[in-house]
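2 protein chains.
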Amino acid sequence: MTTEQLEQTPRTRLRRSHKRGDFDRETINSILDATSLCHVGYLVDGKPAVTPTIHWREGDHIYWHGSSASRALKNSNGHDVCLTVSLLDGMVLARSAMHHSANYRSVMIYGHGTKVTDVDEKKEKLRTFLEQLFPGRWDMLRPMTDQELKATMILGMPIEEASAKVRTGGPIDDEEDYELPIWAGVLPLVHAMKRPEADPRNLKGLAIPDHVFSFARP
Amino acid sequence: MTTEQLEQTPRTRLRRSHKRGDFDRETINSILDATSLCHVGYLVDGKPAVTPTIHWREGDHIYWHGSSASRALKNSNGHDVCLTVSLLDGMVLARSAMHHSANYRSVMIYGHGTKVTDVDEKKEKLRTFLEQLFPGRWDMLRPMTDQELKATMILGMPIEEASAKVRTGGPIDDEEDYELPIWAGVLPLVHAMKRPEADPRNLKGLAIPDHVFSFARP
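Residue numbers (my numbering), protein chains in the order written: chain A, 303 to 520; chain B, 303 to 520.
So this is what it looks like as structure tokens:
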């Protein structure tokens with residue numbers, strides 16, 4: 303690996319399975335970009351809460367958003383959060399229960415959520431977010447209103463205290479168990495798109511835009 | 303709905319989008335059973351951390367497991383956790399950026415993780431876990447050793463302070479936007495299995511067991 307390596311901290315350093323840990327920025331970014339679903343951990347009255355939401359990445363920063371009234375966002379703004387992205391890539395079937403496992407890619411990012419306050423910056427961020435998902439769509443839409451921008455909170459944080467963890471490949475069994483007549487292997491799992499479903503209230507004759515088919519996540 | 307309704311608490315009650323919230327045990331269970339991937343939030347030095355892991359349900363309890371040395375498990379044992387399960391079912395494309403959304407099913411469970419200490423109970427729980435995923439597989443495997451059971455920590459908690467949140471269907475646009483010539487609709491997303499990949503070290507002539515094909519999650 304020749305790309306930037308993030309600094310390890312006591313909470314990102316892996317205690318076990320060191321070979322599965324990765325602090326390479328390109329590896330981390332590729333996992334963040336592979337799905338839109340993340341889980342944000344924050345505190346409510348000092349206790350942990352985990353809310354699923356949609357994230358997007360711009361360079362070395364990660365962003366998520368929602369209603370300005372959202373408790374999950376308000377409790378994350380200026381506070382400690384952990385944003386985790388993970389993809390379950392397969393079930394690993396071994397010759398003993400112990401060595402069953404899962405193939406996955408995951409990233410944990412620690413930091414403080416910080417609200418984007420400038421209205422123009424908010425609009426630009428939402429544009430980038432939508433354009434990453436559906437290139438060309440933003441300019442086709444009814445423009446955002448000031449009221450809508452006000453009702454939307456965007457949080458961001460640097461991808462700085464972060465680590466990736468990845469498992470790939472088949473089962474690793476105890477050496478003596480390889481002689482057993484037990485089928486072992488991997489059941490791969492994928493996310494897939496199905497046929498787009500048009501809104502029944504679409505105007506007649508509207509074709510499905512290319513950006514719907516080019517959607518590549520998750 | 304005629305099944306048991308869980309009691310709402312200040313942290314499970316939904317502040318907004320009340321229509322998306324659900325405290326029905328059958329709804330909650332069906333979401334927990336629809337995928338094996340969950341995200342557990344816990345505290346490390348008073349700050350939130352979120353770790354992806356595999357869960358299983360037995361009746362009104364949820365379980366997860368890992369190495370006895372796992373920090374995520376040790377910090378969840380006897381402590382406050384939030385276990386969240388979510389499935390991203392589709393991207394919702396509206397006629398304005400504001401009304402773009404996602405279809406999803408999610409459950410948040412609050413509680414204290416509690417370690418299963420009895421060795422026989424641990425073994426029985428792991429058996430149930432594997433049998434739910436791959437019926438009939440447990441008895442085909444090399445039996446678990448005492449050392450393996452000792453190295454495995456199982457945490458559980460009651461599904462009591464919990465809520466589901468679900469969004470389905472197409473975009474809900476502002477009434478005046480329905481006249482715009484903008485394609486709107488839903489891009490459905492699914493988890494899917496691919497062809498099982500046999501371990502190259504399998505003994506010659508071993509057929510793929512039926513339980514691999516019958517795997518139904520996620």
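Just so it is clear, CB atoms sit at the ideal spot from N, CA and C, and this is done for glycine as well.
Cα-Cα separation between residue i and residue j, rounded to whole angstroms
{"i": "R469(A)", "j": "R407(A)", "result": "7 Å"}
{"i": "T323(A)", "j": "K467(A)", "result": "Contrary to the premise, residue 323(A) reads as Gly rather than Thr in this sequence. Roughly 5 Å between the two C-alpha positions."}
{"i": "L491(B)", "j": "M410(B)", "result": "21 Å"}
{"i": "L435(A)", "j": "A371(B)", "result": "40 Å"}
{"i": "R359(B)", "j": "F325(B)", "result": "17 Å"}
{"i": "D422(A)", "j": "G415(A)", "result": "19 Å"}
{"i": "E306(A)", "j": "M459(A)", "result": "18 Å"}
{"i": "K417(B)", "j": "I356(B)", "result": "16 Å"}
{"i": "L390(B)", "j": "D479(A)", "result": "38 Å"}
{"i": "R313(B)", "j": "M455(B)", "result": "28 Å"}
{"i": "P354(A)", "j": "T386(B)", "result": "8 Å"}
{"i": "R373(B)", "j": "A500(B)", "result": "33 Å"}
{"i": "N331(A)", "j": "D420(B)", "result": "42 Å"}
{"i": "E309(B)", "j": "Y365(B)", "result": "21 Å"}
{"i": "E328(B)", "j": "G507(B)", "result": "43 Å"}
{"i": "M303(A)", "j": "R429(B)", "result": "Reliability of the predicted coordinates at M303(A) is poor, the pLDDT of 48 falling under 50, and no value is obtained from them."}
Minimum Cβ-Cβ distance from residue i to chain A less than 8 Å
{"i": "Y365(B)", "result": "no"}
{"i": "P498(B)", "result": "yes"}
{"i": "F517(B)", "result": "yes"}
{"i": "G343(B)", "result": "yes"}
{"i": "M245(B)", "result": "With chain B covering 303 to 520 only, the question about residue 245(B) has no answer from this structure."}
{"i": "P460(B)", "result": "no"}
{"i": "D382(B)", "result": "yes"}
Residue i (DSSP reduced to helix, strand or coil)
{"i": "D475(A)", "result": "coil"}
{"i": "W358(B)", "result": "strand"}
{"i": "K496(A)", "result": "coil"}
{"i": "K506(B)", "result": "coil"}
{"i": "I461(B)", "result": "coil"}
{"i": "H285(A)", "result": "Outside the shown range of chain A, which is 303 to 520, sits residue 285(A), and nothing can be said about it."}
{"i": "I330(B)", "result": "helix"}
{"i": "E469(B)", "result": "Looking at the sequence provided, one finds Arg at residue 469(B) rather than Glu. Strand, per DSSP."}
{"i": "E426(A)", "result": "helix"}
{"i": "H402(B)", "result": "coil"}
{"i": "V421(A)", "result": "helix"}
{"i": "M303(A)", "result": "Its pLDDT being 48, under 50, M303(A) is placed unreliably in this model, and the value from its coordinates should be taken loosely. M303(A): coil per DSSP, three-state reduction."}
{"i": "D335(B)", "result": "coil"}
{"i": "L482(A)", "result": "coil"}
Distance CB(residue i)-CB(residue j) smaller than 8 Å
{"i": "H363(B)", "j": "L457(B)", "result": "no"}
{"i": "V394(A)", "j": "P473(A)", "result": "yes"}
{"i": "P498(A)", "j": "I510(A)", "result": "yes"}
{"i": "N405(B)", "j": "V488(B)", "result": "yes"}
{"i": "E463(A)", "j": "G413(A)", "result": "yes"}
{"i": "A351(A)", "j": "C340(B)", "result": "no"}
{"i": "H381(B)", "j": "G438(B)", "result": "no"}
{"i": "A399(B)", "j": "D475(B)", "result": "no"}
Limits of the beta strand (DSSP E) - the one that residue i falls within
{"i": "D382(B)", "result": "D382 to L395"}
{"i": "G348(B)", "result": "Run containing G348(B): none; DSSP gives neither H nor E here."}
{"i": "S369(A)", "result": "H363 to S369"}
CB contact below 8 Å: residue i versus chain B
{"i": "A399(A)", "result": "yes"}
{"i": "I456(A)", "result": "no"}
{"i": "E450(A)", "result": "yes"}
{"i": "W440(A)", "result": "yes"}
{"i": "V492(A)", "result": "yes"}
{"i": "T470(A)", "result": "no"}
{"i": "A509(A)", "result": "yes"}
{"i": "P437(A)", "result": "no"}
{"i": "L308(A)", "result": "no"}
{"i": "V488(A)", "result": "yes"}
Limits of the alpha helix (DSSP H) - the one that residue i falls within
{"i": "L375(A)", "result": "R373 to K376"}
{"i": "L451(B)", "result": "D448 to K452"}
Within chain C, partners of residue i - CB distance below 7 Å
{"i": "I356(A)", "result": "Here chain C cannot be found, since the structure's protein chains are A and B."}
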